[in-house]
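*Asks:* Under my numbering, the residue at position 33 of the sequence shown is numbered 262, and the numbers go up by one with no gaps. Have a look at the structure that comes next, please.
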Amino acid sequence: MKNPWEEIPLSDYESHMKLDSVMQLQPMNEMMKGQFHAYPVSSIMILGIAGGNGLEHAQTDKFEKIYGVDINSSYLQSATQRYPELSGLLECLCMDLRYEADKLPKADMVIANLLIEYIGYECFQKAVRQINPDYVSCIIQINTEDGWVSDSPYLHVFDRLEQVHHQIEPYMLENAMHKMDYQVIKTLEHILPNGKKLVQIDFGK
Numbered sequence: 230m231k232n233p234w235e236e237i238p239l240s241d242y243e244s245h246m247k248l249d250s251v252m253q254l255q256p257m258n259e260m261m262k263g264q265f266h267a268y269p270v271s272s273i274m275i276l277g278i279a280g281g282n283g284l285e286h287a288q289t290d291k292f293e294k295i296y297g298v299d300i301n302s303s304y305l306q307s308a309t310q311r312y313p314e315l316s317g318l319l320e321c322l323c324m325d326l327r328y329e330a331d332k333l334p335k336a337d338m339v340i341a342n343l344l345i346e347y348i349g350y351e352c353f354q355k356a357v358r359q360i361n362p363d364y365v366s367c368i369i370q371i372n373t374e375d376g377w378v379s380d381s382p383y384l385h386v387f388d389r390l391e392q393v394h395h396q397i398e399p400y401m402l403e404n405a406m407h408k409m410d411y412q413v414i415k416t417l418e419h420i421l422p423n424g425k426k427l428v429q430i431d432f433g434k
């Protein structure tokens, strides 16, 4: 059976994410700008890149390589088409991180935004060990009310995600990273509608 993310149209996902009642696409874009600028790295890997939201903030004079990883090949195609200025810099890799993390190349930094929820702590640890970055920057969604997908006209597009979703807690993520000798170096929060918030946690060796 296919992973649910392989069957969700990018247009539905992004339309849901930018609704006023959800308001995730916009703050994620701004938070990614901060992630790109934060640390002295020349290669970066974005796990769960989707359509490339935030890539316009990637400085072509700073990075020698940007890897974009996603399970949905059409998402990667869209990311490549949207950012022709990153041609030769952006390399997209289509893979299921639950089973193929050992194929990932090395990079100085990992960005994983709303990704760990869909692969779990152990798979994320395996990916980080394989990539061996100096810095890891994660954004997770904290749900302070019932339901982890906000109500919207696109709600039923996400019905099957229940099969792969894991609720991620900051202290559990910190414990998982600590086991690999990564320490918290920064945390940020952004309050969302519907009793949710985005929490960014950055780790360094």
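Here a beta-carbon is modelled for each residue, glycine too, at the ideal position from N, C-alpha and C.
1) With DSSP as the reference, please indicate the residues paired to S366 in a beta bridge.
2) For M406, report the span of its alpha helix (DSSP H) as first-last.
3) Ordered along the chain, which non-local residues of its own chain (more than five positions away) have a Cβ less than 8 Å from that of T289?
4) Check V413 in the structure and name its three-state DSSP category.
5) Output yes or no for whether 8 Å exceeds the beta carbon distance between M260 and Q429.
6) In whole angstroms, give me the CA-to-CA distance for E329 and E293.
7) Suppose the cutoff is 6 Å on Cβ atoms and the five residues either side in sequence are ignored; what does the same chain contact list for D431 look like?
8) Quick one: is M257 buried, meaning 16 or more other Cβ sit within 10 Å of its Cβ, or exposed?
*Replies:* Short version:
1) I340, D431
2) 399-407
3) E314, L315, L318
4) strand
5) yes
6) 24 Å
7) S366, I414, K415
8) buried
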